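Below is one structure, written out as structure tokens; comments come after it.
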Amino acid sequence: MSDKRVLIVGAGDLGMRAASLLLTQGAEVWALRRRPATAQHARLHSLQADLGDPHTLRAMPAGITHVVWSPAPDRRDPRAYEAVFTLGLQHVLAALDTTALRRLVFVSSSAVYGEHGSDWVDEDTPPAPPGFNGRILLEAEQWLANQKLPAVALRLAGLYGPGRTQLFDRLRAGQARAPSDPPHWANRMQVDDAASAIVHLLDLPGALPVYIGCDDTPLPLHELYGYLAELLGAPAPAAGSAPAGVGSKRLSNARLKSSGFVPRWPDARAGYAALAGQA
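Count the sequence shown with our numbering and you get residues 11 to 289, in order.
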């Protein structure tokens, strides 16, 4: 039986996948959500609270050894992001007894990086977030780093996997667009690999402050969309503008892999192909 007592803050799809892995390891796991869960694992403890309201966080479990910070704002605007990643983080850490804390994994985003064309980006690349979401996440990372807690930021690329088939729908409807000259580089990570990376970092000895979470194979967006359109029997995607507020870059997962992490899906083409067979 594991001695881990883990608090998952923001137990959505990604958080619940991490919780399942932790329960398999024998950890005791609490899942904190804003709304009641419709279904959950039998051994999972459920907590309901609003991260923006510290009065709802009074009944935090004692003796928490690990925290996974993976909430999702309910709207895509600055106030919603600040409520979760600025105020929410401060409220939870103020309410939580951190004396037993061994590791906090803060799930961040590669949105903290800016435009780099086809250049490689790693953890030593200076962040330059092009949008409010990356800016607020970076500010939260920096605030957390100043709290002298054993915290690690995991900057995830775009996630895909079961239940995330909106791209397939857009391709089938002929709505997906991608630039080709110059290309826009896309970075992906399969959601189960992302959950595994979280669990890996929770126990990694001598963890560094920041890791990029992505697969081994950045791809030009028009190549990825073209491959998927052919796979689905959908129209070839037309030329279009790059996604807003993301920036083109090739993310490197060398640091994460050198720590011992091995992705199950190192190439998004294979991962999407498996997903297409289930969709």
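Built from N, CA and C at the ideal position, the CB exists for glycine as well.
As the structure is a prediction and not an experimental result, all values here were calculated from the model.
Extent of the continuous beta strand (DSSP E) to which residue i belongs
{"i": "residue 233", "result": "Unbroken run through residue 233 is the alpha helix (DSSP H), 231-242; no beta strand (DSSP E)."}
{"i": "residue 55", "result": "55-58"}
Segment limits, alpha helix (DSSP H) that includes residue i
{"i": "residue 208", "result": "201-212"}
{"i": "residue 24", "result": "23-34"}
{"i": "residue 222", "result": "Residue 222 -> not in any alpha helix (DSSP H); beta strand (DSSP E) instead, spanning 220-223."}
{"i": "residue 144", "result": "142-155"}
{"i": "residue 254", "result": "Taken as a continuous stretch (DSSP letters only), residue 254 belongs to no alpha helix (DSSP H), as it is neither H nor E."}
{"i": "residue 215", "result": "Counting along the chain, residue 215 falls outside any alpha helix (DSSP H), and DSSP gives it neither H nor E."}
{"i": "residue 101", "result": "99-105"}
{"i": "residue 92", "result": "88-92"}
Within 9 Å, strictly: CB atoms of residue i and residue j
{"i": "residue 131", "j": "residue 119", "result": "no"}
{"i": "residue 167", "j": "residue 161", "result": "no"}
{"i": "residue 44", "j": "residue 13", "result": "no"}
{"i": "residue 282", "j": "residue 231", "result": "no"}
{"i": "residue 278", "j": "residue 202", "result": "no"}
{"i": "residue 163", "j": "residue 219", "result": "yes"}
{"i": "residue 247", "j": "residue 188", "result": "yes"}
{"i": "residue 195", "j": "residue 128", "result": "yes"}
{"i": "residue 42", "j": "residue 17", "result": "yes"}
{"i": "residue 94", "j": "residue 67", "result": "no"}
{"i": "residue 273", "j": "residue 199", "result": "yes"}
{"i": "residue 57", "j": "residue 72", "result": "no"}
{"i": "residue 142", "j": "residue 210", "result": "no"}
{"i": "residue 148", "j": "residue 91", "result": "no"}
{"i": "residue 242", "j": "residue 159", "result": "no"}
{"i": "residue 82", "j": "residue 22", "result": "yes"}
Assumed close pair residue i, residue j - CB separation to whole angstroms, cut-off 8 Å
{"i": "residue 29", "j": "residue 19", "result": "The Cβ separation is near 11 Å, so there is no contact."}
{"i": "residue 111", "j": "residue 77", "result": "7 Å"}
{"i": "residue 266", "j": "residue 222", "result": "7 Å"}
{"i": "residue 24", "j": "residue 205", "result": "6 Å"}
{"i": "residue 249", "j": "residue 190", "result": "6 Å"}
{"i": "residue 74", "j": "residue 31", "result": "The Cβ separation is near 18 Å, so there is no contact."}
{"i": "residue 261", "j": "residue 197", "result": "4 Å"}
{"i": "residue 122", "j": "residue 144", "result": "5 Å"}
{"i": "residue 178", "j": "residue 286", "result": "7 Å"}
Cβ neighbour criterion (16 or more within 10 Å) applied to residue i
{"i": "residue 63", "result": "exposed"}
{"i": "residue 109", "result": "exposed"}
{"i": "residue 52", "result": "exposed"}
{"i": "residue 80", "result": "buried"}
{"i": "residue 258", "result": "buried"}
{"i": "residue 245", "result": "exposed"}
{"i": "residue 192", "result": "exposed"}
{"i": "residue 124", "result": "buried"}
{"i": "residue 165", "result": "buried"}
{"i": "residue 255", "result": "exposed"}
Bridge partner(s) assigned by DSSP for residue i
{"i": "residue 38", "result": "15"}
{"i": "residue 8", "result": "It is not possible to answer for residue 8, since the shown part of the chain is limited to 11 through 289."}
{"i": "residue 168", "result": "198"}
{"i": "residue 187", "result": "248"}
{"i": "residue 274", "result": "Answer is none; residue 274 lacks a bridge partner."}
{"i": "residue 174", "result": "171"}
{"i": "residue 260", "result": "130"}
{"i": "residue 193", "result": "190"}
{"i": "residue 68", "result": "Paired residues: none, contrary to the question."}
{"i": "residue 43", "result": "58"}
Proximity test, residue i beta-carbon vs the ligand NAD heavy atom, cut-off 8 Å
{"i": "residue 170", "result": "No copy of the ligand NAD occurs in the structure displayed, which carries no ligand at all."}
Neighbour flag for residue i against chain D, beta carbons, 9 Å
{"i": "residue 32", "result": "Reference to chain D is not applicable here, since this structure consists of a single protein chain."}
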